[in-house]
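In the working numbering, the protein residues as written are 83 to 677.
Where a beta carbon is used, it is the ideal one built from N, C-alpha and C, also for glycine.
Worksheet: the structure to be examined is printed underneath.
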Amino acid sequence: MRSAFSNTLWALLLTALMLGSMATKTPELPEEEDSADAGRQGVEAECEGLTFEDMFNYSHADFNIEINDDWETAYVEAVAWVNGTMADDVRTDFDSLFEVLGTDNGYLSSDEYQAVRNIAAQCVEQTNPRFGLRSGAPHRGGEGVNWYNATWKNTEEHPMILEEWNLMPMNHIDERTCQSSPNADCVEIPVVPITPGRNCDTTINDPDECRMIIWLNATLEFNGLFGQASDQFTVAMNTSNMTNSDLDVTYPPLEGLRIGLFEECDGRLINQANNDNQGSAPAPGQCTSDNTISTSSRLVNINGETRLKVETHVEYDMAIWPDGQDMFFDMTTEPPEVDDPPTWTANALADGSIIPIADDGEVLFLTSGQMEAWADDDQGTPLISCSGADGWAMSSDADGLSAVPPAGQDSTTLTCMATDSSGQTSDSRSFTLQIPMRITGDSDGDMASITMTPTANMPEMTVTVSLSQSNAQSTTETVTVSDVSTASISLSSMSPGPIWIEITASGTGMSNFAHTFDIGLEKASTPPSLSLATYEWIDDTYDMTGNFNDPDGDTVTISATNDGYAWGDVELSGNGWWAYGPGIDSDTSSNLIVI
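Structure, rendered in structure tokens:
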């Protein structure tokens, strides 16, 4: 089913690409319209109505939508991961785009990459977000109703930003010089790796070096709410061919806002021609679906204001294409028929317990995940807020509650309660917010020592310690900490450079603790060693060979001097070296060669 999207897309993009690359004006164009204008018009005409998913088939995607306080624009942050052989499919599609130009050869070149990258950014601007909002009583559309009232806004004040990583891997093991390009620096890679092992980056050892990541930051604008809050409105989105996607929508502050009804509706005609001609529509609550969309809501506190955040996970079975899949959120401020206050769950921390916090600047001490586990309400996850903490700078955002422990202070007292969208609260609980331990560390050769000093009144803790780098992880040590304790960890798997300390801890009467510390710990680099195997004069050239070894596995460069001056040439092959050059014909020279 995938090729049905791709073939149409690439044909459209090719048309736009050819229009955008015209070097001269055509007789049909007005005098003032240049080739760039023609290219833009071509992109607009050919990409209009496509979707982000038509352009990029992904393994997983996250979409974060924050509706602005004006109720007519929203800021969107999206990231999509294209893993495994799906990345091969995307590169194959891009190469196929150039079939009529004669460069469709199973290789993606840097020339093709630059051309398509420019067109893709313009094309996304014209895509259909498939997102709409309408004020008023809930309904599901019907004849003459098009829910798609949101469009992308791309201006100097609100620029659309599209970025990608690894579409054209620059360290591919099968990279070669372009076979047909006027550019001397052109290189190309096979769209499907040739050498076994899928080695798309010779500088690293990663389980999926060929994967791609795509980022989109942009602004949506819509007119369905008339620029103002409403006590009833519906949010709709078509999710056909969106698979394994998470979509979060955060609303402006509106007292009592909640989901009155969420509904997945399957089976609608999804081609562009039928957007305005869907015939009769089901009544709210009467849709049929395969229940592949799940959703939940929670309250978050951002900049001191309580907002509703709706989190949705979308699945779509590509085998049912072109059957449509829509979702509707009927939003309301009307209280539910049953509106009980929020309650603490059995998983919540008991009154008087300890909430541990890292002594590491501003850090989270109560996450949104913990809020969901600790408190419950019939309107979704309530907001847990805390007061007290004298002298501790506290803040909140969509991720949870954060604080900055003041210097010289280990603990403070908090009073916390859960609040729902109607303003009802649970009973309050008191907790001790406490730094559980102080961390120090040093390294010596291939070993690191991490010392943990618990603060006063902490219970005995089971602590796991591991060390990490951007591309490596150490073994894990588990110790029982009731007094000053030290964990010794091997650095044999680590590279020279900075090392982070990962700590997790648990104990009776405390919530679980996890934090990654950067205390300036480093693994020192061990110098390489050289050995000399042969040395001799060959005519007027002095010739030496030998081997080298770097214990850290770093790249080694070798240079040579003669009496302190740069001398000769040095070549490396595997772990062997070969140096050769002339002697210095001078009575004052000792011909002392240093490698």
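{"Check": "Could you tell me whether the region 413-422 touches the region 225-241, where touching means 3 or more Cβ pairs closer than 8 Å?", "Outcome": "no"}
{"Check": "Quick check: the region 554-564 against the region 394-405, are there 3 or more CB pairs under 8 Å?", "Outcome": "no"}
{"Check": "Closest to Q551 by C-alpha separation, out of G443, P664, L573, D524, would be which residue?", "Outcome": "L573"}
{"Check": "Below 8 Å, how does it come out for the region 335-343 and the region 242-249: are there three or more Cβ pairs, yes or no?", "Outcome": "no"}
{"Check": "Report the rounded CA-to-CA distance for I585 versus S477, giving the unit in angstroms.", "Outcome": "24 Å"}
{"Check": "Taking DSSP as the reference, what is the three-state secondary structure of T427?", "Outcome": "coil"}
{"Check": "Verify whether the separation of the beta carbon atoms of N192 and C282 is less than 8 Å.", "Outcome": "First, the residue type needs correcting, since residue 192 is Ser and not Asn in the sequence shown. No, Cβ-Cβ distance for S192 and C282 is not below 8 Å."}
{"Check": "For G663 and G650, which I take to be in contact (beta-carbon distance under 8 Å), what is that distance rounded to the nearest angstrom?", "Outcome": "2 Å"}
{"Check": "Quick check: S564 and E542, are their CB atoms within less than 8 Å of each other?", "Outcome": "yes"}
{"Check": "For a quick check, are the C-beta atoms of M499 and P518 less than 8 Å apart?", "Outcome": "no"}
{"Check": "Per DSSP, what kind of secondary structure is Y157 in: helix, strand or coil?", "Outcome": "strand"}
{"Check": "Judging by CA-CA distance, which residue of G490, R380, M534 is the nearest neighbour of D479?", "Outcome": "R380"}
{"Check": "Determine, using beta carbons only, whether T639 and V676 come nearer to each other than 8 Å.", "Outcome": "no"}
{"Check": "Whose C-alpha, out of Q208, Q310, T155, A430, is nearest the C-alpha of M453?", "Outcome": "A430"}
{"Check": "Name the residue from Y140, T133, D621 whose alpha carbon lies nearest to the alpha carbon of V326.", "Outcome": "Residue identity differs from the one stated: residue 326 is Asn in this sequence, not Val. Checking every option, the nearest Cα to that of N326 belongs to Y140."}
{"Check": "Could you name the residues of the same chain whose beta carbon sits closer than 7 Å to that of E130, not counting the 5 residues immediately before and after it, in chain order?", "Outcome": "Q208"}
{"Check": "What's the gap between the Cα of V680 and the Cα of G434?", "Outcome": "Any answer about residue 680 is impossible in this case: the structure gives the chain only from 83 up to 677."}
{"Check": "Put N631 into one of helix, strand or coil per three-state DSSP.", "Outcome": "strand"}
{"Check": "In terms of residues, what are the limits of the beta strand (DSSP E) holding F176?", "Outcome": "First-last for F176: 167-178, but that is the alpha helix (DSSP H), not the beta strand (DSSP E)."}
{"Check": "Quick one: is W229 buried, meaning 16 or more other Cβ sit within 10 Å of its Cβ, or exposed?", "Outcome": "buried"}
{"Check": "Below 8 Å between beta carbons: does that hold for A169 and C292?", "Outcome": "yes"}
{"Check": "Short of 8 Å in beta carbon distance, which residues of its chain neighbour E387, apart from the five on each side in sequence? Order them along the chain.", "Outcome": "P335"}
{"Check": "So, at 8 Å on beta carbons, what are the nonlocal neighbours of L307 in its own chain, with the 5 sequence-adjacent residues on each side left out?", "Outcome": "W153, E154, L215, R216, S217, F315"}
{"Check": "Whole angstroms is fine: what's the gap from S376's alpha carbon to Y398's?", "Outcome": "12 Å"}
{"Check": "Using the Cβ count rule (16 or more neighbours within 10 Å means buried), how would you classify P487?", "Outcome": "buried"}
{"Check": "Under the DSSP definition of a beta bridge, which residues are partnered with L215?", "Outcome": "V317"}
{"Check": "Would you tell me roughly how many angstroms separate the C-alpha atoms of T501 and D330, rounded to the nearest one?", "Outcome": "21 Å"}
{"Check": "What's the gap between the Cα of N320 and the Cα of D408?", "Outcome": "4 Å"}
{"Check": "Confirm, please, whether the CB-CB distance from T425 to S508 is below 8 Å.", "Outcome": "yes"}
{"Check": "Name the one or two DSSP bridge partners that S548 has.", "Outcome": "E584"}
{"Check": "State the Cα-Cα distance for the pair Y189 and N305, rounded to the nearest angstrom.", "Outcome": "45 Å"}
{"Check": "Take the Cβ of H254 as the centre, count every other Cβ of all protein chains shown within 10 Å, and call the residue buried at 16 or more, exposed below.", "Outcome": "buried"}
{"Check": "Does the structure place the region 628-637 close enough to the region 605-614 that three or more beta carbon pairs sit under 8 Å?", "Outcome": "yes"}
{"Check": "Taking all protein chains shown into account, do 16 or more other C-beta atoms lie within 10 angstroms of the C-beta of S469, making it buried, or fewer, making it exposed?", "Outcome": "exposed"}
{"Check": "Below 8 Å on the Cβ atoms is my guess for E345 versus G367; work out the distance and round it to an integer in Å.", "Outcome": "7 Å"}
{"Check": "Quick one: what does DSSP say E135 is sitting in, helix, strand or coil?", "Outcome": "helix"}
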